[in-house]
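Under the working numbering, think of the first position of the sequence shown as 14, with each following residue one higher. A short write-up of the structure that comes next.
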Amino acid sequence: MAMLDELVAHLSSGGYHPRTSKHSDFQSLIIIRDLVNQCPLLAQRAAEGEIVAKLRHHQQVGHADWVIDIAIGTSVGSPDLTLANLGLEPIHFAPPVIIQIAIELKSIFTEHGKA
14 MAMLDELVAH
24 LSSGGYHPRT
34 SKHSDFQSLI
44 IIRDLVNQCP
54 LLAQRAAEGE
64 IVAKLRHHQQ
74 VGHADWVIDI
84 AIGTSVGSPD
94 LTLANLGLEP
104 IHFAPPVIIQ
114 IAIELKSIFT
124 EHGKA
């Protein structure tokens, strides 16, 4: 199913609420799944536990705390959490040590008056 169709089905089944992160989390998981499925090198590194993914990753930059919507990067040790039931296996979810891919989901689900 195409990403747009999955997102429409998700919103149709659960409704939309402007004060929750579940919609952007769902979109993030689809993006991660598609990246792993479409990039053989990324899939190989994920399967070997070399890289991990993290939603809403906090990164210290100088004195600022940046929150990155999707961070994919080098793992420390062997991560033990998978989301097999969402079709994301073999990507593991843990904080990356070195971020290699950072994706920001802009305010597509935020009410403009409250952003």
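Cβ atoms here follow ideal geometry from the backbone N, Cα and C, with glycine treated the same way.
In whole angstroms, what separates the C-alpha of residue i from that of residue j?
{"i": "Leu94", "j": "His76", "result": "Low per-residue confidence applies at Leu94: pLDDT is 49, beneath 50, and the placement is therefore not dependable enough to give any value."}
{"i": "Glu19", "j": "Ile111", "result": "30 Å"}
{"i": "His36", "j": "Leu55", "result": "25 Å"}
{"i": "Ile43", "j": "Pro109", "result": "19 Å"}
{"i": "Ser26", "j": "His71", "result": "31 Å"}
{"i": "Asp10", "j": "Pro53", "result": "Residue 10 is absent from the model: the chain starts at 14 and stops at 128."}
{"i": "Ala22", "j": "Ile45", "result": "18 Å"}
{"i": "Trp79", "j": "Lys119", "result": "14 Å"}
{"i": "Glu61", "j": "Lys67", "result": "17 Å"}
{"i": "Ser34", "j": "Gly90", "result": "29 Å"}
{"i": "Leu24", "j": "Gln51", "result": "25 Å"}
Please name the residue, chosen from the options, that lies closest to residue i on a Cα-to-Cα basis.
{"i": "Ile81", "options": "Arg69, Val89, Arg58", "result": "Arg69"}
{"i": "Glu117", "options": "Lys35, Thr87, Ala56, Gln40", "result": "Gln40"}
Take residue i and list the residues in its own chain whose beta-carbon comes closer than 6 Å to its own, dropping the five residues that flank it on each side.
{"i": "Ala115", "result": "Ile81, Ala84"}
{"i": "Gln73", "result": "none"}
Once you ignore the five residues that flank residue i on each side, which residues in its own chain have a CB closer than 8 Å to its CB?
{"i": "Gly28", "result": "none"}
{"i": "Glu63", "result": "Thr87, Ser88"}
{"i": "Asp38", "result": "Leu68"}
Could you check how far apart the C-beta atoms of residue i and residue j are, in whole angstroms? I think they sit under 8 Å.
{"i": "Phe15", "j": "Val65", "result": "Note that residue 15 is Ala in the sequence shown, not Phe. That pair is no contact at about 26 Å."}
{"i": "Thr87", "j": "Gln113", "result": "7 Å"}
Next on the checklist: At 4 residues or longer, what runs of the alpha helix (DSSP H) sit wholly inside the stretch 52–78?
Outcome noted: 53–60
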